[in-house]
């Protein structure tokens, strides 16, 4: 097998993880810019009501795409295992099955999203003043969901084999397109929040096409051949066995966040706008966490596939430590700079107040959020996706929703909504700590 991408099974562990994570960090930065640029331009040119409409849509979008992104993560584990084991035939089968799944799932997601968006927004208690704009944003976004789904599937392939550079280049290009189209559609054409959604859709399709071209042109075993795109049902079962728990976890947690958003909605437009502005900031703060966790999943998958358990253990230890430290440094910065950061989205004093209160409740606990995600990523790379699914569903969904269901009617305080996140991060971190120390998480699974 000819390899144009160097695997992560040899060389300095720290350098391999850092140099793989850095392009991921930059790529995730540009990915986050999609929705952030929308919010910045919408908030400054269209006002607080429009920003509230875009913000209220985010939780629903994350719920539906979280499931498919989790499947893609699981599929990437399968590819990284076979790639690390130099099994070219199974890499080929896994890649083409992933692409077939992405095509079907993208079309299905678009249809479901367009049809159900209005009803789900009603269930979320979206205020009538922003309802029409929220529906418009969501439906246009979901019309282009095939581009988003395929981009995540194709990037999952590239990252699984250790290529984090090409996704970065494509995101840089598409982010510039998104920015230009946002300004053009909103300020020149007066397209409103629908224009912001359309700009995002076009830029996502562009990045997906670039990834597809790259995978068609490579000489390696993961090259895509259009005539070979089909379901290999044996491989599909493996992908679903590893990916389904991650997908369920993502979608259930996102569903819990929809419940959180519905509680925020009850406090009015200013609270929605302030909370939405903070959510964009937290998205940036999460980038170091996400970058290292993706790198760790690939590292663990490839090295276990190559049978290098001691190297896997050392890499996991380094990755967890680096993730936690980066997250806490970021949290301190968010805590201190919260007023200025929130004001960049909306200068209304009430919006700033809501956003700053949320930031200063959660930011210093980013280390716990990072620890939970880091351990979960190691377990997924080892093929143990069910464990993080159960832990995160229990605390980030069941406990989170139960806490709000009890505390909000009793206190009628938005502070309860703010506090539920560090509370559930703490509980999940505690469980992960004891499981990680006691369990034989590197034991081979039936994913091979």
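Residue numbers (full-length UniProt numbering): 1 to 448.
From the three backbone atoms N, C-alpha and C, an ideal C-beta is built for every residue, glycine too.
Note that this is a predicted model, so its numbers are computed, not measured.
Which listed residue (the options) has its alpha carbon closest to that of residue i
i           : options               : result
residue 226 : 276, 98, 192 and 111  : 98
residue 101 : 206, 231, 169 and 190 : 231
residue 126 : 204, 272 and 327      : 272
residue 415 : 436, 389, 355 and 83  : 355
residue 379 : 404, 400, 73 and 212  : 73
residue 177 : 201, 155 and 190      : 201
residue 87  : 305, 352, 320 and 342 : 305
residue 21  : 423, 166, 331 and 180 : 166
residue 329 : 287, 387, 121 and 432 : 287
residue 29  : 322, 168 and 162      : 168
residue 206 : 350, 144, 159 and 393 : 144
residue 121 : 352, 270, 324 and 261 : 261
residue 333 : 367, 308, 27 and 123  : 367
residue 323 : 108, 25, 7 and 170    : 25
residue 397 : 228, 423, 410 and 382 : 423
residue 222 : 339, 427, 149 and 153 : 153
residue 211 : 171, 241, 191 and 240 : 171
residue 233 : 369, 69 and 94        : 94
Contact check, residue i vs residue j, beta carbons under 7 Å
i           : j           : result
residue 365 : residue 441 : no
residue 18  : residue 238 : no
residue 117 : residue 138 : yes
residue 371 : residue 429 : yes
residue 259 : residue 401 : yes
residue 84  : residue 187 : no
residue 277 : residue 346 : yes
residue 264 : residue 197 : no
residue 320 : residue 374 : yes
residue 298 : residue 14  : no
residue 389 : residue 245 : yes
residue 300 : residue 381 : yes
residue 147 : residue 75  : no
residue 362 : residue 275 : no
Residue i (DSSP reduced to helix, strand or coil)
i           : result
residue 308 : coil
residue 222 : coil
residue 413 : coil
residue 176 : helix
residue 237 : helix
residue 392 : helix
residue 229 : coil
residue 344 : coil
residue 283 : helix
residue 351 : helix
residue 89  : helix
residue 161 : coil
residue 9   : coil
residue 126 : coil
residue 136 : helix
residue 28  : helix
residue 150 : helix
residue 182 : helix
residue 440 : coil
Any non-hydrogen atom of the ligand FAD within 6 Å of residue i CB
i          : result
residue 13 : As far as ligands go, the structure on display features none, and thus does not contain the ligand FAD.
Supposed contact pair residue j and residue i - C-beta distance, whole angstroms, cut 8 Å
i           : j           : result
residue 369 : residue 289 : 7 Å
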